[in-house]
Each structure stands twice: as structure tokens, then as C-alpha cells.
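Quick notes on the structure that follows.
Numbering (my numbering), first residue to last: 2 to 106.
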């Protein structure tokens, strides 16, 4: 289940983002019909803004990332701009990173 829903106006288009637990890991989701490229970057990929590109289907970008238990910080990289997940209110650190907690199951 998507962890909430937050709509924001960006370049006159609606966008939403989020994550959900799926087989194989966590599916990160970003929707924005204006976006030319979207990646997810975080502590799980060395904060590399291009290492984990998301695949577009319609107006929805997504990728499944295998994450171990613990707290993981991340941001979306939308057309080169680093964006905290607007659907996740949990912010940590000096840069306002989004964070998720993964249980041991």
C-alpha cells in the first residue's frame, strides 16, 4: 500500500511520490508527467544520483530496491534536482533527507 498521498503543483503538473513494500524490496514511486528522468539516491547506493534510475510507465516512475533492516535515508533526483519524498513526512539530517524504517521481516 502506498504510504499516503501528497499532491503538489510542479511546473503546472501534479506529482506524487512514495514507497511500498513488495516482493524483492521496497518499490519507490514518483509520478510527474513533466519529468524527463528520475532516480532514487540514498545511503543504499552511496548517494549516487544516477546509480538507481527509475523506469517510466505512463506518468509513473518506479524502481524496486532491496534494502536490509534499519533506517534508510533517500531522495529522488528529478531532472537533476534533489527532491525529498513529498509523500513521506519523515525528514532527517542537515539536508532534509527522507527516511524509512525497514523491519527485520
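Every residue, glycine too, gets a C-beta built ideally from N, C-alpha and C.
Because the structure is a prediction, the values reported are computed rather than measured.
With fewer than 16 other Cβ atoms inside 10 Å of its own Cβ, residue 93 counts as exposed.
Just so you know, the alpha carbons of residue 76 and residue 85 end up roughly 5 angstroms apart.
Leaving aside the five residues that flank residue 37 on each side, the residues in its chain whose CB is nearer than 7 angstroms to its CB run, in chain order, 80. Nearest in C-alpha terms to residue 57, of all of 87, 31 and 22, is 31. Per DSSP, residue 43 is one residue of the beta strand (DSSP E) stretching across 39-43. Beta bridge pairing from DSSP links residue 75 with 43 and 99. Put simply, of 40, 66 and 91 the residue whose alpha carbon is nearest the alpha carbon of residue 24 is 66.
The C-beta separation of residue 100 from residue 78 comes to about 17 angstroms, leaving the pair out of contact by the 8 angstroms criterion. Around the Cβ of residue 105, a 10 Å sphere holds fewer than 16 other Cβ atoms; the residue is exposed.
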